[in-house]
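Numbering follows the working numbering, with no gaps: position 6 of the sequence shown is 28. All C-beta atoms, glycine included, are put in the ideal place defined by N, C-alpha and C. Notes to accompany the following structure.
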Amino acid sequence: MSKVVLITGASRGIGRAMAIKFAESGWLVAANYNKSEEKALQLKSMSSNIYIYKADVSDRDEVKKMVDAVRKELGPICVLINNAAISSIKMFSDITKEEWDHTFDVNVKGVYNCTQEVLPDMVRMNSGSIINISSMWGQVGASCEVHYSATKAAIIGFTKALAKELGPSCIRVNCIAPGVIATEMNKDVDLSELREETPLGRIGTASEIAECAYFLASDNSSFITGQVIGVNGGLVV
């Protein structure tokens, strides 16, 4: 019987690469999206193992409906990857209350919502893996991205605390902190300076994050929990 993974924010970028990796490896992939329906449908057409589910992760009712639908259609969720996130670049003094709240609602509350809804399956099975996608900016901070950096730092704290709480239930909780990755989120950003500062001398790819996520979902990482794994080419050590 194929295992089920729920990946939030799966229609583009890192989420899309993870959905493809898991589907190609025989998993049943519940690929969440919110606004990018066309890209989600394109993703679905790539594999019979990919199923798409629309939900705003910041809305608990929508998350519950999504998780119930996944459970009914595909079975219990073995792995949750909290990937959905938003970002913007602006001076801290220019961030409005609405922008601040919305960033935390999606990036942090979304992780809370999805994790709480998925946990009953994992507790009942006495196994599971929760993988949270943070950022190197959650580790070191980014100028003009205070709101984004703060949410990604919160995810790191969430990961470490929840790993301790769920360890007795044999549920692992880990975090990936990507470095500079070539995705649509960065398409309007000049990455040349960051490329030069990266010891490996290049920008990372979404597929490299997907490989790390697949490892953390597999039995090969059975003794790894509460960790923040930097996939950043050595930029943050």
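| message | Just to confirm before moving on: does the CB-CB distance between M158 and G223 stay below 8 Å? | response | As a position in the sequence shown, residue 158 is number 136, starting the count at 1. As a position in the sequence shown, residue 223 is number 201, starting the count at 1. Not closer than 8 Å, so no.
Should the region 92-103 be regarded as contacting the region 41-56, the criterion being three or more beta carbon pairs within less than 8 Å? Result yes; three or more Cβ-Cβ pairs closer than 8 Å.
Query - beta strand (DSSP E) runs contained entirely in the region 150-228, provided each spans 3 or more residues - result: Taking only runs of at least 3 residues, the beta strand (DSSP E) segments lying wholly in the region 150-228 are 150-155 and 193-200.
| said: On the CB-based measure, 16 or more other CB atoms within 10 Å of its CB, does E139 come out buried or exposed? | reply: Residue 139 sits at position 117 when you count from the first residue of the sequence shown. Burial state of E139 is buried, judged by a 10 Å Cβ sphere holding 16 or more other Cβ atoms.
Q | Run of the beta strand (DSSP E) containing K76, from where it starts to where it stops | A | By 1-based counting over the sequence shown, the position of residue 76 is 54. Looking at the DSSP string, the run of the beta strand (DSSP E) that includes K76 is I72 to K76.
Limits of the alpha helix (DSSP H) - the one that V145 falls within: Numbered from 1 along the sequence shown, position 123 holds the residue referred to as residue 145. For V145, the enclosing alpha helix (DSSP H) covers residues G132 to M147.
*Looking only at C-alpha atoms, which of I203, N196, N129 and R34 sits nearest to S58?*
Start at 1 with the first residue of the sequence shown, and residue 58 comes out as number 36. S58 has its Cα closest to that of R34, out of I203, N196, N129 and R34.
| For L28, the first and last residue of its enclosing alpha helix (DSSP H) | Here residue 28 is taken as the residue at index 6 of the sequence shown, counted from 1. Counted as a single uninterrupted DSSP element, the stretch harbouring L28 is not any alpha helix (DSSP H) but the beta strand (DSSP E) occupying residues V26 to I29.
Quiz item: Roughly how far, in whole angstroms, is the beta-carbon of C136 from the beta-carbon of V195, given that I think they are within contact range, below 8 Å?
Solution: The count along the sequence shown starts at 1 and reaches residue 136 at position 114. The count along the sequence shown starts at 1 and reaches residue 195 at position 173. Between C136 and V195 a beta carbon distance of about 13 Å is seen, past the 8 Å cut, so the two are scored as non-contacting.
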